[in-house]
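Chemist: Handing you this structure, nothing more for now.
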Amino acid sequence: MSFHESVVYQIYPKSFRDTNGDGVGDLRGIIEKVDHIASLGVDLVWLNPFYPSPQRDNGYDVSDYCAIDPAMGTIADFEELVARLAEHGIGIMLDMVLNHTSTAHEWFQRALAGEQHYRDYYIIRSPRPDGSLPTSWGSKFGGPAWAPFGETSDYFLHLFDVTQADLDWRNPAVRQEMAKVVNFWRGKGVKAFRFDVINLIGKAAELVDGTPGTDGRDAYTDGPQVHEYLQELRRNSFGQDQDSVTVGEMSSTSIEACVGYSNPDNGELDMVFNFHHLKVDYANGQKWTLVPYDLAALKRILDEWAVGMQAGNGWNALFWNNHDQPRALDRFGDPVNFHAESATMLATVIHLLRGTPYVYMGEEIGMTDPEYTLMSDYVDVEAHNAYAELLATGESAERAFQIVHSKARDNARTPMQWDDGPTAGFTDGIPWLRPTNQDRINVAAEQDSERILGHYRRLIQLRKSEPLISEGRYESFDAGHEAVFGYLRTLQQRRLLVLANFRGEPAGVQIPPEYADGTLLIGNHDDAVVSREMTLRPYEALGIVVEP
Ligand code: TEU
Ligand code: CA
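Position one of the sequence shown corresponds to residue 40 (our numbering), numbered consecutively onward.
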């Protein structure tokens, strides 16, 4: 089966299910919940990093790529999980954090101890003649991207936390190590990989400041050699498996670059994540701000990426949620007044698009951002840095908290809500991050009503039964509509019209005559009637199919 027909379920292992009462999710917890995963009908499970790590960035600070953090389990647990999922035809997609290592990694420690071989693994530079940092780049987690390299007068680059040192991919030894890491997991039966911020590995030999007044990302993103490095990695590792599936996480990228990464003729990756559609609630491109989201921009970006990637024969990973994003339901839906309607509307939009859909754990039951009231409820280093920076720039404590509340990555990282118990059925101990509304939103309650879960299952099945969805051509529909996002999919004579009302009020739409005689393929209200002049109810979404 091609990845065009696949759906991926993302699990943040730390927050899925804890089996030993230490408050942290573990691999045995995932094994325990295999039936839930299988019941969705997904093909792959992407697991966020579970490797040994000081956990400064929740596992994206890897200190050993070829082992499992004891808090998460053992290699035997992993092998059991692979086998249990395989019984249901589900493969595992592993998260490869190859742009940087933890500074606790043996390579960095040996570099610090003076071993030149390992020093060359990292990006280490002298200050400029005037004593200033090598470049003006900012860390994506706040502050400068350079930190003193041990006791020397040099600096090492860290585009993320100060404990995440960027690797120098220009060094062939680094590239070989990374192929070895991928091959280690291939040896354990893994054929699918998600590559973390992989478009940042192509940094030039000579590092220069980027656009003045920015964090300099244009100077190192989608760098000159990234395509060559990906082609090499593919040849030396996952490309040797006929049925490998790969997705690259692309930070601040372009359609053009992403066509390059995912056009099969280039021999790089199968598909790409980009984040442009999730920046429509940023003021002036800045994340730590609070403004209503811009629906016109959201529609335009979804459409541009669908059209642009299709034109270049690239392939998108489709998603609303992941472990870095506040819940889309809170951003683009209305979890208070139209919980099930807006959750299923968002799902419909993504699942019928051209690309491969990803479902982030909890999305299938309409999980929302937690109802936290204190900064001490948050754990993420990024949230705390941002709060401090907001205060330093003169925001009131109340406003700074509101911003963190709406933007923190912890919003997505609260424990999976299995039942309405005090810890949501996540743990018998004290959860590392507190759930808040499991009394209303939990898997057990959804099993009974199936309003959201059932819709996800139907959408996932449709992708497998309808080549129109997995292979059809994409075209925009009524792009100027102020409330409705619409698009067409066509495959030979079969055609599909998808309509989704993003507003909490009814919205009128004119249906082209040929679709007015079509049939309802799926909808989030079971009593929709197709007609020439339709009025979509609040957050109503549907797909109308026309047979030849
Ligand atoms: O994220 C990359 C990234 O640039 C963003 O998603 C970033 O975390 C966010 O915009 C901050 O506001 C990846 C991982 O998904 C993330 O969890 C890691 O922290 C990061 O790389 C570093 O490995
Ligand atoms: Ca545990």
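The beta-carbon is built from N, C-alpha and C at its ideal position, and this holds for glycine as well.
Do three or more CB pairs link the segment 170 to 183 to the segment 412 to 424 at distances below 8 Å?
Modeler: Touching, per the Cβ criterion.
Chemist: In whole angstroms, what is the alpha-carbon distance linking residue 549 and residue 543?
Modeler: Using only the alpha carbons, I get a separation of about 19 Å.
Chemist: For residue 168, I'd like the list of residues in its chain whose CB is within less than 7 Å of its CB, leaving aside the five on either flank, ordered along the chain.
Modeler: Closer than 7 Å at the Cβ level, and outside the excluded window around residue 168, lies no residue.
Chemist: Rank 273, 91 and 69 by C-alpha distance to the C-alpha of residue 592 and give the top, closest one.
Modeler: Because residue 592 is not part of the residues shown, which for the chain are 40 to 587, the question remains open.
Chemist: To the nearest whole angstrom, what separates the beta carbons of residue 189 and residue 137, a pair I think is in contact under 8 Å?
Modeler: About 23 Å; that fails the 8 Å criterion.
Chemist: For the alpha helix (DSSP H) that contains residue 59, what are its first and last residues?
Modeler: Run containing residue 59: none; DSSP gives neither H nor E here.
Chemist: Per DSSP, what kind of secondary structure is residue 123 in: helix, strand or coil?
Modeler: Note: residue 123 maps to helix in three-state DSSP.
Chemist: Can you confirm whether residue 446, when its beta carbon is compared against all beta carbons of chain D, has any partner nearer than 7 Å?
Modeler: The structure shown contains no chain D; it holds only a single protein chain.
Chemist: Determine the contact status of residue 64 and residue 55, defining contact as a CB-CB distance below 7 Å.
Modeler: Result yes, Cβ atoms of residue 64 and residue 55 sit closer than 7 Å.
Chemist: With residue 111 and residue 89 assumed to form a contact (beta carbons below 8 Å), what rounded beta-carbon distance in angstroms separates them?
Modeler: Yes, they are in contact, since the Cβ atoms of residue 111 and residue 89 sit about 4 Å apart, within 8 Å.
Chemist: Can you find the residues in the same chain that come closer than 6 Å, C-beta to C-beta, to residue 264, ignoring five residues on each side of it along the sequence?
Modeler: Cβ neighbours of residue 264 beyond the five flanking positions: 241.
Chemist: Checking 7 Å against the spacing of the C-beta atoms, do residue 73 and residue 499 come in under that value?
Modeler: Cβ atoms of residue 73 and residue 499: not closer than 7 Å.
Chemist: To which residues does DSSP link residue 187 through a beta bridge?
Modeler: Answer by DSSP bridge pairing, in chain order: 194.
Chemist: Who are the near neighbours of residue 373 in its chain, counting only those whose CB is closer than 6 Å to its CB and skipping five residues on each side?
Modeler: Hits under 6 Å: 381 and 543.
Chemist: Thinking C-beta only, is residue 404 closer than 7 Å to residue 485?
Modeler: Contact: yes.
Chemist: For residue 107, I'd like the list of residues in its chain whose CB is within less than 8 Å of its CB, leaving aside the five on either flank, ordered along the chain.
Modeler: Answer for residue 107: 66, 89, 90, 91, 113, 114, 116 and 117, listed in chain order.
Chemist: Does the Cβ of residue 219 lie closer than 6 Å to at least one heavy atom of ligand 3?
Modeler: With respect to ligand 3, the structure shown offers nothing to examine, as its ligands consist of ligand 1 and ligand 2.
Chemist: Under 6 Å from any heavy atom of ligand 2, does the C-beta of residue 418 make it?
Modeler: No - ligand 2 has no heavy atom lying nearer than 6 Å to the Cβ of residue 418.
Chemist: Using 7 Å as the threshold, is the C-beta distance between residue 130 and residue 79 below it?
Modeler: It is not a contact, given that the beta carbons lie outside the stated cut-off.
Chemist: Should residue 446 be labelled buried (16 or more other beta-carbon atoms within 10 Å of its own) or exposed?
Modeler: Buried, by the Cβ-count rule.
Chemist: From residue 467 to residue 191, what distance separates their C-alpha atoms?
Modeler: Roughly 47 Å separates the two Cα atoms.
Chemist: Assuming residue 68 is part of the alpha helix (DSSP H), what are its boundary residues?
Modeler: Element bounds for residue 68: 66 to 71.
Chemist: At the level of alpha carbons, what is the spacing between residue 356 and residue 395?
Modeler: Whole-angstrom Cα-Cα distance: 5 Å.
Chemist: Rounded to whole angstroms, what is the Cα-Cα separation between residue 598 and residue 510?
Modeler: Because the chain spans 40 through 587 in this model, residue 598 falls outside it and cannot be assessed.
Chemist: DSSP on residue 418, reduced to helix/strand/coil?
Modeler: Note: residue 418 maps to coil in three-state DSSP.
Chemist: Does ligand 2 have a heavy atom nearer than 6 Å to the CB of residue 63?
Modeler: Indeed, a heavy atom of ligand 2 lies less than 6 Å from the Cβ.
Chemist: Taking 6 Å as the cut-off, does the CB of residue 524 come closer than this to any heavy atom belonging to ligand 1?
Modeler: No; taking the cut-off as 6 Å, the Cβ of residue 524 has no heavy atom of ligand 1 nearer than that.
Chemist: Where do the N-terminal and C-terminal ends of the beta strand (DSSP E) with residue 310 fall, by residue?
Modeler: Residues 310 to 312.
Chemist: Check the C-beta distance from residue 478 over to residue 449 and give it rounded, since I have them as a contact under 8 Å.
Modeler: About 20 Å; that fails the 8 Å criterion.
Chemist: Consult DSSP for residue 362 and reduce its assignment to one of helix, strand or coil.
Modeler: Of the three classes helix, strand and coil, the one that applies to residue 362 here is coil, per DSSP.
Chemist: Measure how close the beta-carbons of residue 42 and residue 348 come, nearest whole angstrom, since I'm counting them as under 8 Å.
Modeler: Contact flag wrong, Cβ pair sits at about 14 Å.
Chemist: Helix, strand or coil for residue 299, going by three-state DSSP, please let me know.
Modeler: Residue 299 falls in the helix class under three-state DSSP.
Chemist: Go through its chain and collect everything with a Cβ distance to residue 44's Cβ below 7 Å, but skip five positions before and after it.
Modeler: Correct list, in chain order: 502, 503 and 509.
Chemist: Rounded to whole angstroms, what's the CA-CA distance from residue 298 to residue 275? Just pull it up for me.
Modeler: One C-alpha to the other measures close to 22 Å.
Chemist: Provide the residue span of the alpha helix (DSSP H) that contains residue 341, from first to last.
Modeler: Start and end: 334 to 350.
Chemist: Helix, strand or coil, according to DSSP, for residue 403 in the structure here?
Modeler: Of the three classes helix, strand and coil, the one that applies to residue 403 here is helix, per DSSP.
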